[in-house]
Each structure stands twice: as structure tokens, then as C-alpha cells.
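Visitor: One point on numbering: in the working numbering, the residue at position 95 of the sequence shown is 96, and numbering is uninterrupted.
From the three backbone atoms N, C-alpha and C, an ideal C-beta is built for every residue, glycine too.
Just dropping this structure here.
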Amino acid sequence: MAPNKKTQDRYFKIFDYKRQGFHPAQIAQEMGISESTVKKAIRWVADNALFFGKEDESRVAIAEKERELSCLHQRLRQLEEGWEETTRREFSNGSQEITTTSKFSPSAEVALLRLIQKAKDEINRLRDLHEQVQGKPEADGSATGFAAGLRNVLNEMESRTIGNE
Numbered sequence: 002m003a004p005n006k007k008t009q010d011r012y013f014k015i016f017d018y019k020r021q022g023f024h025p026a027q028i029a030q031e032m033g034i035s036e037s038t039v040k041k042a043i044r045w046v047a048d049n050a051l052f053f054g055k056e057d058e059s060r061v062a063i064a065e066k067e068r069e070l071s072c073l074h075q076r077l078r079q080l081e082e083g084w085e086e087t088t089r090r091e092f093s094n095g096s097q098e099i100t101t102t103s104k105f106s107p108s109a110e111v112a113l114l115r116l117i118q119k120a121k122d123e124i125n126r127l128r129d130l131h132e133q134v135q136g137k138p139e140a141d142g143s144a145t146g147f148a149a150g151l152r153n154v155l156n157e158m159e160s161r162t163i164g165n166e
């Protein structure tokens with residue numbers, strides 16, 4: 002019996018984490034579930050990979066983008082907290098001075114906010130494509146317009162990811 006849509010979406014997110022190289026224990030901790038559930042999800046996705054249609058592909062792409070957005074928000078929170086730098090100066094008379102300064106980078110925050118907005122825009126585009134495939138299949142049952150649109154969005158996402166590395 003196939004899991005419901007909500008469970009499938011969660012399984013796709015788990016599978017995406019696994020594709021990114023995370024260990025099942027890390028995935029379980031991140032998502033607040035048991036490691037056996039993570040392994041079950043990965044097994045289900047692997048067993049059913051041949052049966053995924055265009056709708057499932059779009060759901061996987063959305064899940065991947067949402068994970069990226071979550072990571073960006075986490076980086077933003079860390080950046081907003083700032084960081085401390087400790088410096089030590091030694092003087093010629095043998096004395097020392099240790100200073101700690103708090104640092105904050107507004108330009109880094111702006112850059113992260115731009116990345117977050119781009120990720121949100123791409124998620125919205127993917128959701129629009131997902132709605133199109135649900136509502137408008139072609140006469141032969143395929144969704145060629147959707148597939149082309151999804152390929153374009155995924156290619157853009159991939160090129161941006163490669164460009165950022």
C-alpha cells in the first residue's frame with residue numbers, strides 16, 4: 002500500500018537529505034523521527050523510483066528547494082548572532098592586552114537575504130509547475146510542457162549552485 006501524499010512528501014525530503022550525503026542518524030535527528038523511519042523512507046523511494054511521474058519529480062524538486070531554504074535561514078540566524086574575535090597584543094615591557102570584539106557583517110546578511118528570496122521565488126515557480134501538472138495532462142497522459150518547464154527550473158538551480166561553489 003502506498004503512503005499518503007503527506008508521507009510521500011516527507012519520504013522525498015528524507016531521500017533528498019540522503020542524496021546530499023547525510024547519514025540516516027543525522028537525518029533522523031534533523032527531522033525529529035526515528036532512524037528506522039529514515040531507512041524505511043529511503044527504501045520506499047528506492048523501490049518505487051521507476052514509478053515516479055512528473056508530479057513526483059516536481060515534489061522532489063520542491064522538497065530540495067525547501068531544504069535549501071531551511072539551511073539559508075539557519076545560516077542567517079547564525080550570522081545575526083554575530084561572532085566574537087579575540088586578539089592578544091604583547092608589549093615590549095612584557096605586558097599583554099587581550100581584547101574581545103563582537104563582529105557583525107551587514108553585507109553578508111544582505112547577500113543571504115537575497116539568496117533566501119531567490120529560493121522562495123524558485124519554490125513558488127516549482128509549486129506553480131506542480132499545480133500545472135496536476136491540472137493539465139496532455140492527451141497521451143504526459144505533461145510535456147511541465148517537464149520542459151521543470152527541466153528549465155532545475156537546470157537554472159543547478160547552474161546557480163555550481164556557480165556558487
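Leaving out five residues on either side along the sequence, give the residues of the same chain with a beta carbon under 7 angstroms from the beta carbon of Ile124.
Guide: Cβ neighbours of Ile124 beyond the five flanking positions: Ile63, Lys66, Glu67 and Leu70.
Visitor: Is it buried or exposed, Thr8, if we count other Cβ atoms within 10 angstroms and call 16 or more buried?
Guide: With fewer than 16 other Cβ atoms within 10 Å, it is exposed.
Visitor: Any heavy atom of the ligand NAP inside 7 angstroms of the beta-carbon of Gly22?
Guide: No copy of the ligand NAP occurs in the structure displayed, which carries no ligand at all.
Visitor: Contact between the stretch 73-86 and the stretch 17-32: three or more CB pairs below 8 angstroms?
Guide: These segments do not touch.
Visitor: Who does Gln27 pair with in a DSSP beta bridge?
Guide: Gln27 pairs with nothing; no bridge assigned.
Visitor: Quick check: the Cα distance between Glu98 and Lys104, rounded to an integer number of angstroms?
Guide: Cα-Cα distance, rounded: 19 angstroms.
Visitor: For Asp17, count the other beta carbons within 10 Å of its own beta carbon; 16 or more makes it buried, fewer makes it exposed. Which is it?
Guide: With 16 or more other Cβ atoms within 10 Å, it is buried.
Visitor: If we count Cβ pairs, one from each stretch, closer than 8 angstroms, do we get three or more for the stretch 39-47 versus the stretch 79-89?
Guide: Segments in contact, no.
Visitor: Indicate whether Ile15 and Leu77 have their beta-carbon atoms separated by less than 8 angstroms.
Guide: Cβ distance not < 8 angstroms, so Ile15 and Leu77 don't count as in contact.
Visitor: Pull up the DSSP beta-bridge partners for Ser106, would you.
Guide: Ser106 is not bridged to any residue.
Visitor: In whole angstroms, what is the alpha-carbon distance linking Glu91 and Ser59?
Guide: Rounded to the nearest angstrom, the two C-alpha atoms are 60 angstroms apart.
Visitor: Could you say which of Glu81, Tyr12 and Leu127 lies nearest to Ile34 if we only look at CA atoms?
Guide: Answer by Cα proximity: Tyr12.
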